[in-house]
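A.B. asks:
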Amino acid sequence: RAYSYRGIRLKKYPVIGFLTVFIFQGALVFYLTYTTVTVPAEQPPFLPLLLSSLLIGALYPLTQVYQHEEDRRDGVSTISYLLGKRGTFLFSMALFLLATAGMYLLFRRQERLNHFMLYLFFLLPVVLFFLYWMVRVWKDEAAADFRNSLRMNLLSTLCTIAFFITLIIRNK
């Protein structure tokens, strides 16, 4: 509520608003889940905490990219508004690449590079749609619309869930 509630409106502070989502919807959610299901509860490893935040952080600005005009009228300066439409795509790409490099490190440390290859396989549709959408926005910024943002969010969510469910099933 603090993010959008007009009395507080963290959304209007681009960096603080982004970091709030990055930390609390990324690392904190992983931390709470990990400590809840790990018996006995133990300190979660740092890299998965960071990866959770990077994945959320990569997708989150893309959910704002179509709202720049509305945000401007409302006096709100989101991270996407601050970066601009092209900058939003570049920022999201950078975070996604960092998350992918982190996944490689994580699975390499665990000697499970087959899991990394599976990650790449499941995220390929996300990457392809992201690049397709980015090229369209480069040609015409009107392509940074709600429909494409929703499609990106849905595709990313479904592919990520499918990846983790596959890992769970394969590890039983």
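Letter by letter, the sequence shown follows residues 2 to 173 in my numbering. Just so you know, even glycine gets a beta-carbon here, dropped at the ideal spot from N, CA and C. Just so it is clear, the structure is predicted and the values come from calculations on it, not from any experiment.
1. How far does the alpha helix (DSSP H) with glutamate 70 in it extend, from its first residue to its last?
2. Measure the alpha-carbon distance for proline 45 versus alanine 143 and round it to whole angstroms.
3. Under the three-state reduction of DSSP, which class applies to arginine 109: helix, strand or coil?
4. Could you pull out every residue in the same chain whose Cβ sits closer than 6 Å to the Cβ of tyrosine 61, ignoring the five residues on either side in sequence?
5. The alpha helix (DSSP H) with leucine 29 in it runs from where to where?
6. Closest by CA to glycine 97, which one among Ser150, Ser54, Val30, Ala145?
7. Once DSSP output is grouped into helix, strand and coil, what is the label at serine 150?
8. Count the other CB atoms, across all protein chains shown, that sit within 10 Å of the CB of glutamine 111; report buried if there are 16 or more and exposed otherwise.
9. Using DSSP with H/G/I as helix, E/B as strand and the rest coil, what is threonine 101?
10. Just to confirm my understanding: we take phenylalanine 90, look at its own chain, exclude 5 residues before and 5 after, and list those with CB closer than 7 Å. What are they?
11. Out of Leu29, Ala102, Tyr32, Arg152, which has the shortest C-alpha to C-alpha gap to tyrosine 133?
12. For the alpha helix (DSSP H) that contains valine 77, what are its first and last residues?
13. Relative to the C-alpha of leucine 124, which residue among Glu43, Cys160, Gly58 is closest?
C.D. replies: This is what the structure holds:
1. 69 to 74
2. 42 Å
3. helix
4. Val22
5. 29 to 38
6. According to the sequence provided, residue 97 is phenylalanine. The question's glycine does not apply to it. Looking at the Cα atoms, Ser54 is the closest of the given residues.
7. helix
8. exposed
9. helix
10. Met135, Val138
11. Arg152
12. That residue, valine 77, is in no alpha helix (DSSP H); it is neither H nor E in DSSP.
13. Cys160
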